[in-house]
Amino acid sequence: MQNDLAFLQYRSPFKAICAAGILVVFSFFSCSAVSADQSLSKEQKLKAAYLWNFTQYIQWPGSVVGRKPFLVRICVDGSIDFLHFLQEMVDSKSKFKGQNTVEAVPLDIATGCELLFVSGTKKIEPVPLGHVVIVADSPSVNFPNTAVVFYQNNRKLRFEINMSVIKELDVVISSELLKLARIKQ
């Protein structure tokens, strides 16, 4: 510890206090992010990654390939830790050019959604279909007009896409994403 702070001894007291304060603040935020990250299961982290990837392989009306990025809002009905993890993932991936701009927001303050993640943690009213792609956390989540459902197969996380719902939504799903899914007609 003494060697770690040795660089502070040659600075003015004001600079030393500022530097130490920055270290404390940085340590606090990195510890709180790690603890939130550790409270999520590997499965939940994978679901967050899938949600972000879905935004890159689904084309909503109004989005045009090759044009400026389209804003896709992921509304989350789930734990705050899941939402924070997803927000951190979205922020870290937002630097890539040519991709849709993605925002992760809690369902209760959302003003609009392109992707709605329903976990069944609280009772929410069914939403008008519009162009909202509804993703269920598991097959046990019973929500009307669900387009994508996560499920377990041989201890691996998979997802199913309901093509009749997708057609009603007037969205286009990339063939690359369809290759990974179990298709329901």
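The numbering of the sequence shown is our numbering, which starts it at 1 and goes up by one.
Beta carbons: idealized from backbone N, C-alpha and C, even for Gly.
As the crow flies, the alpha-carbon of G120 is around 19 Å from that of I161. In this structure the stretch 167-176 touches the stretch 40-60; the number of beta carbon pairs closer than 8 Å is three or more.
Judged by their CB atoms, A136 and L86 are not nearer to each other than the 8 Å cut-off.
If you draw a straight line from the Cα of L51 to the Cα of L178, it comes to about 14 Å. For D81, there is no enclosing beta strand (DSSP E); the enclosing alpha helix (DSSP H) covers residues 80-93. Taking the C-beta atoms as reference points, V132 is found no nearer than 8 Å to L107.
No residue range can be given for E114, since it is assigned to no alpha helix (DSSP H) and is classified by DSSP as neither H nor E. At least 8 Å separates the beta-carbon of D81 from that of V118. Residue pairing for E103: DSSP places it in a beta bridge opposite R73. When rounded, the separation of the alpha-carbon atoms in S79 and Q185 is 31 Å. Sorting V149, N53, I183, I109 by C-alpha distance to the C-alpha of C75 places I109 at the top. When DSSP states are grouped into helix, strand and coil, N53 belongs to the helix group. Exposed is the label assigned to N142, since fewer than 16 other Cβ atoms lie within 10 Å of its Cβ. In the structure shown, V133 adopts extended strand secondary structure according to DSSP, grouped into three states.
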